[in-house]
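What follows is a single structure, written as structure tokens, with notes after it.
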Amino acid sequence: MFFWARYLFPEICYLYEKMKRDFILKQYKILVKMFQQQGYFFVTFKNYMLGAPDGLHSMRHPLVILRHDVDRKPENALVIAKIEKEVGIRASYYFRIVKESYDEDVIRQIVEMGHEIGYHYENLSLCRGNYELSIMNFELDLEKFRKLYPVKTICMHGSPLSKWDNRDLWKRYDYRDYGIIAEPYFDLDFDEVFYLTDTGRRWDGDSVSVRDKVGGQRRKQGDASFLPGMNRMGFLAGTDGRKKKEFKDLRFRYTWEIIEAAERGVLPDKVMINTHPQRWTDNSLEWMKELVWQNIKNLAKKFIVSRKGAKALRRT
13 MFFWARYLFP
23 EICYLYEKMK
33 RDFILKQYKI
43 LVKMFQQQGY
53 FFVTFKNYML
63 GAPDGLHSMR
73 HPLVILRHDV
83 DRKPENALVI
93 AKIEKEVGIR
103 ASYYFRIVKE
113 SYDEDVIRQI
123 VEMGHEIGYH
133 YENLSLCRGN
143 YELSIMNFEL
153 DLEKFRKLYP
163 VKTICMHGSP
173 LSKWDNRDLW
183 KRYDYRDYGI
193 IAEPYFDLDF
203 DEVFYLTDTG
213 RRWDGDSVSV
223 RDKVGGQRRK
233 QGDASFLPGM
243 NRMGFLAGTD
253 GRKKKEFKDL
263 RFRYTWEIIE
273 AAERGVLPDK
283 VMINTHPQRW
293 TDNSLEWMKE
303 LVWQNIKNLA
313 KKFIVSRKGA
323 KALRRT
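Add 12 to the 1-based position in the sequence shown for our numbering, that's all there is to it.
What follows is the structure, given as structure tokens:
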């Protein structure tokens, strides 16, 4: 039956085969190696912000800032870290404090491979909007992580089912007071750095992403208003219309589309890739469970996003 399907509907079968192989570890290895073959240099987020020697981002182009948000299944993050060590690259791993993510043995092993560890904070959601308790817990959590690694960067966890945006903690406090040098949603210019994230188990998941976005509402740090994409020196993203158009035109659904784009040399010189390791696996049962569960979550998140949009329209 499938033989005749191949003969009658070759394009559909081709897409099916490509899709079936997505979000497996072999595909991830092909992805990072393709960037390497095209001359991209991989760097951790911390080293990119510091301009550290192994970053060389002021001299070496093109480059990839490689980031992993470890929401669940830390053992998957360990497997990916081993792949990256094998091909000679380093990445930034952001762990939550909750038991689904925090695993000291896994974190220690990833540190030993030379990767960066950061805090995937969600204190405002966990403390149900209590700012004073949230900042106290943030400081305690940071101290716990720093017993394993000298954490210098943090990244918010989206907490899509929570009404609190974890980034709002920095409306009242400044993470630099806690020895943190950067948070990507505040300190990267995303009109200079092309953002690729597998949120929603797809690379074009902005319609089903509640908070993992690089545009959006105006935010405030102290007395100065700023947007995600405005760095701490006050330079607002979006001044280069040509780059804006380039980024807008680049949309991918599947990993193989990114691989082919890299091979053709059509990707920008600066890219941040963000993955969620729980969805990358070679285990067929786990792969299918993640596929089904993520599609269910996407429906819920799409509803949340549409409701937020409707409320915003009513306020205008």
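Virtual Cβ for every residue (Gly too), placed ideally from N, Cα, C. These figures come from a predicted structure and were not determined experimentally.
- The Cβ atoms of threonine 165 and lysine 58 lie closer than 9 Å to each other.
- Closest in alpha carbon position to lysine 282, among Tyr185, Ile192 and Leu208, is Leu208.
- Following the DSSP letters along the chain, one finds glutamate 128 in no alpha helix (DSSP H) but inside the beta strand (DSSP E) bounded by residues 128-133.
- Here DSSP, grouped into helix, strand and coil, assigns threonine 293 to coil.
- With the rule of 3 Cβ pairs closer than 8 Å, the segment 182-195 does not count as touching the segment 263-270.
- Here valine 55 really is in contact with leucine 75; their C-beta atoms are around 6 Å apart, less than 8 Å.
- The criterion of a C-beta distance shorter than 9 Å is satisfied by leucine 303 and phenylalanine 35.
- Partner residues in a beta bridge of asparagine 88, as assigned by DSSP, do not exist.
- In this structure, phenylalanine 107 lies away from aspartate 117, with their beta-carbon atoms at least 9 Å apart.
- Across the structure, alanine 274 and methionine 46 are spaced so that their CA atoms are roughly 7 Å apart.
- DSSP places lysine 111 outside both helix and strand once states are collapsed to three, so it counts as coil.
- Take arginine 291, set aside five residues on each side of it, and the residues of its chain with a beta-carbon closer than 6 Å to its own are Phe35, Arg213 and Glu302, in chain order.
- Tryptophan 176 sits away from serine 113, with the two beta carbons spaced by 9 Å or more.
- Spanning the alpha carbons of serine 146 and glycine 51 requires a straight line of approximately 42 Å.
- Secondary-structure assignment with DSSP links leucine 78 through a beta bridge to Ile285.
- With respect to valine 82, alanine 89 sits close: the two C-beta atoms are nearer than 9 Å.
- Secondary structure of threonine 209 (DSSP, three-state): strand.
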